[in-house]
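The numbering of the sequence shown is the numbering used here, which starts it at 23 and goes up by one. Glycine included, every Cβ here is placed at the ideal spot set by N, Cα and C. Bear in mind that the values here come from a model prediction, so they are computed numbers and not experimental data. Just below is one structure, and these are the notes that go with it.
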Amino acid sequence: MLYTAYLAVCLASTPIQQCNRDTAINWMVAPGRHPLAFCMINAQRYAATSGVVHEGEVVKVFCKAPDQFRITG
C-alpha cells in the first residue's frame, strides 16, 4: 500500500500531541506516494527542504493511505 504524507506545522508552544490540521499554522501535502517507512522519510526531507518551517515551529507527520484521510467540504 502506498501512503501520502501530510505535514502539520505547529508553533513549538503547541504540545506535539495536539498538533494536527486544526491547530497547525501551516498544513502541507508532500509530493508523491510511498511505502510507509519511506513516507515518513520523504515527509521529513520535504519539511527540511521546503523552507516553510521556521525557528520556533515543529512538524508532525501523518502518513495516510488515500482511503484513510478524506477531506469533506
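Below-8 angstroms beta-carbon distance, residue i vs any chain C residue
i, result
"T71", "Structure shown: chain C not included; a single protein chain is present."
Contact check, residue i vs residue j, beta carbons under 8 angstroms
i, j, result
"M62", "C85", "yes"
"M23", "A65", "no"
Among the options, nearest to residue i - alpha-carbon criterion
i, options, result
"N48", "P37, K82, P88", "K82"
"A69", "V80, A59, F60", "V80"
Paired residues, beta bridge with residue i - DSSP
i, result
"C85", "A27"
Exposure label - residue i; buried when at least 16 CB within 10 Å
i, result
"C59", "It is worth fixing the name first, because residue 59 is Ala in this sequence and not Cys. The residue in question, A59, is exposed, as its Cβ has fewer than 16 Cβ neighbours within 10 Å."
"G95", "Its pLDDT being 43, under 50, G95 is placed unreliably by the model, and the measurement read from it follows with that caveat. Exposed, because fewer than 16 other Cβ atoms sit within 10 Å of the Cβ of G95."
(Q) Would you call the region 27-44 in contact with the region 52-69, where contact means no fewer than 3 C-beta pairs closer than 8 angstroms? (A) Because the criterion of three Cβ pairs below 8 angstroms is met, the region 27-44 and the region 52-69 touch.
Query raised in the report: Pairing CB atoms from the region 31-50 with CB atoms from the region 71-83, are three or more of them under 8 angstroms?
Result: For the pair of segments examined, the region 31-50 was found to touch the region 71-83: the number of CB pairs separated by less than 8 angstroms reaches three.
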